Amino acid sequence: MTLIKNPYTIGSPIYTPEYLFRREIIVSFIQEQLTSKSKVIVLHGQRRMGMTSFVNYISRSVSVDGFIFVPLSLEDKHHYSLDEILYDFARDIVDWLGISGSTITIPSQEDLKVQPRLFVRIFLQQISDRLEGKNIVLLLDEFDVLWDDTCSEINPFINFLISLIHREEKIFIVLFLGRQGNSLEFISDLFGGEVPHQELGLLNKSDTESLITKIAEGILEYEPEAIEEIWELASGHPYYTELLCFKLFQQARNLNLWNVTRQDIKGIIDESLEIGEAAFVSTVEVLSTREKLVLYAVAEAQKEATKSSKSNIVNPLVILERHHGKLARKMKEELTKAAEHLVNLKFLQKIGEQKLGKNVTPIYKVKIELLRLWLLKRVSLTAEIETINELFPQKSFIDQILNSGLGKWMRSHNN
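Heads up: take any position in the sequence shown, counting from 1, add 4, and you land on the numbering used here.
Dropping the structure here:
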């Protein structure tokens with residue numbers, strides 16, 4: 005008996021265009037921006053939204069008159085020196101364009117270390133001649149690995165790229181950002197003004213249903229209730245949706261039962277969380293410490309509400325105070341801002357409000373249920389709560405007294 009290959013893909017880029025949903029919107033956006041001569045274009049979204057798949061698709065399948073697309077990856081290059089990046093990129097460009105290395109001069113890494121502009125004057129000039137003056141669009145995947153969370157440590161390649169864009173008329177760039185945070189504002193500051201950008205966000209319900217059913221069409225059948233359950237768990241996140249379908253296909257093949265019910269999905273959640281571990285980690289690791297704390301607290305609030313007969317979800321600050329004790333005013337302000345930012349990043353969804361003392365505060369849920377289940381399984385809020393003391397160091401009891409009115413009175417009477 006021949007083993008039926010699992011058509012769902014996890015952990016590797018998608019190369020089948022019809023399974024790359026939203027591609028028409030993304031391609032139209034890029035074509036429009038290049039036609040209007042936008043030098044810097046940004047595609048952004050959460051991790052595991054299919055960034056690399058879009059880099060591959062655009063470079064292979066998109067056509068814009070007068071432009072050539074070249075895919076380049078900065079993955080694992082955050083600590084590379086400028087000469088290392090330029091030398092690697094020169095070789096990648098030659099390979100992608102199918103140019104024989106013996107017919108073109110690539111400056112040595114040693115020469116690039118002394119004179120980085122040789123990359124432009126010698127190498128890119130030769131490439132331009134080969135392309136008969138066509139514009140070159142560099143598709144830079146994982147661009148946001150080049151700076152830290154505070155934007156204080158910046159790889160020198162960024163300044164080189166800014167200079168390149170401003171000086172070279174025929175060089176364009178598309179930046180792929182998988183760590184939103186303040187990335188868009190930072191990019192705008194770097195390039196001297198707002199840059200056109202498009203989000204690679206969650207799929208709508210119709211596209212999600214197509215992703216579920218079309219990939220295994222003719223082999224695996226999904227009952228409507230099963231499709232609805234996958235939607236409820238993954239909320240249109242393409243990776244998490246395909247993760248569930250991948251496990252469902254495995255289960256169907258093992259049991260030789262090719263009709264998926266809602267109950268089937270209940271049986272593969274734990275295994276899905278396990279094999280998707282790396283994806284969940286990479287999605288959350290880009291958040292700031294404050295944002296992680298709030299996200300964990302919201303997940304905990306939902307869990308406690310599920311156990312409670314009242315089923316009331318509370319504000320995450322209430323959860324944090326239960327574990328830590330009373331939060332100072334500054335802590336509350338910063339954690340509240342973090343919660344608002346998580347809503348913008350599509351990690352949280354505001355679902356209502358509650359009255360706390362004299363104030364009305366928002367309440368949230370984790371937008372993607374599968375992520376919430378993973379958080380509850382892998383993260384201990386009790387352990388993470390210690391980071392509050394690191395974020396907001398507390399003065400000792402003696403210091404508090406000395407800085408109080410009593411302390412000032414004591415000092416004045418000792419002089």
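Here a beta-carbon is modelled for each residue, glycine too, at the ideal position from N, C-alpha and C.
Keep in mind the model is a prediction, meaning the values are calculated, not measured.
Would you list the residues sitting across from residue i in a DSSP beta bridge?
| i | result |
| --- | --- |
| S77 | D145 |
| V178 | I45, L143 |
| N319 | The partner list for N319 (beta bridge, DSSP) is empty, contrary to what the question assumes. |
| Q420 | In the structure displayed, the chain extends from 5 to 419; residue 420 sits before or after that span and is not available. |
| N263 | E225 |
| W151 | I158 |
Look at the alpha carbon of residue i and the alpha carbon of residue j, and state the distance between them as a whole number of angstroms.
| i | j | result |
| --- | --- | --- |
| Q404 | G329 | Low confidence applies here, because Q404 scores a pLDDT of 41, under 50, leaving its location unreliable; read the following figure in that light. Rounded to whole angstroms, Q404 to G329 spans 17 Å at the Cα level. |
| K314 | S239 | Summary for K314: the model assigns pLDDT 49, below 50, so the residue's position carries little reliability, and this model does not support an answer. |
| D230 | P75 | Checking the sequence, you will find Ala at residue 230 rather than Asp. Rounded to the nearest angstrom, the two C-alpha atoms are 38 Å apart. |
| L410 | R333 | Bear in mind that the predicted position of L410 carries a pLDDT of just 40, short of 50, making it too unreliable to give a figure here. |
| A282 | Y243 | 12 Å |
| Y23 | L215 | 7 Å |
| M55 | D145 | 7 Å |
| N10 | Q254 | 7 Å |
| I402 | H83 | Low per-residue confidence applies at I402: pLDDT is 38, beneath 50, and the placement is therefore not dependable enough to give any value. |
| N159 | V285 | 24 Å |
| I131 | V288 | 40 Å |
| G361 | K296 | 26 Å |
| S67 | L352 | 37 Å |
| Q35 | V178 | 11 Å |
| F195 | L339 | 30 Å |
| E304 | W378 | 12 Å |
| G137 | L101 | 14 Å |
| D96 | T107 | 15 Å |
| E325 | N348 | 24 Å |
| E357 | T310 | 18 Å |
With distances taken from CA atoms, which of the options is nearest residue i?
| i | options | result |
| --- | --- | --- |
| R266 | Y226, S292, E295 | Y226 |
| L375 | K138, N363, I273 | I273 |
| D148 | F73, F33, D92, G49 | G49 |
| F73 | L135, T217, L377 | L135 |
| K174 | E325, S63, V124, L261 | V124 |
| L181 | L143, L38, I158 | L143 |
| L321 | I392, S167, E157 | I392 |
| K117 | D87, A303, Q202 | D87 |
| V31 | T107, H201, E246, N260 | H201 |
| L122 | L101, A94, F195, L261 | A94 |
| K270 | L291, A305, E232, N260 | E232 |
| H423 | G197, W151, E394 | What is shown of the chain runs 5 to 419, which leaves residue 423 out entirely. |
| W235 | Q37, L206, E221 | L206 |
| G280 | Q306, L331, R382 | R382 |
Report yes if the CB atom of residue i is closer than 8 Å to the CB atom of residue j, and no otherwise.
| i | j | result |
| --- | --- | --- |
| K350 | K371 | yes |
| V199 | V44 | yes |
| I191 | V46 | yes |
| K369 | I355 | yes |
| A301 | L380 | no |
| L237 | M53 | no |
| H61 | R27 | Before going further, note that residue 61 is Tyr rather than His in the sequence given. Yes, Cβ-Cβ distance for Y61 and R27 is below 8 Å. |
| R257 | I8 | yes |
| L252 | V264 | yes |
| I367 | I323 | no |
At what residue ranges does the region 44-125 contain a whole run of the alpha helix (DSSP H), taking only runs of 4 or more?
55-65, 86-101, 113-118
Runs of alpha helix (DSSP H) lying entirely within the region 326-390, each at least 4 residues, in chain order:
333-348, 373-382, 385-388
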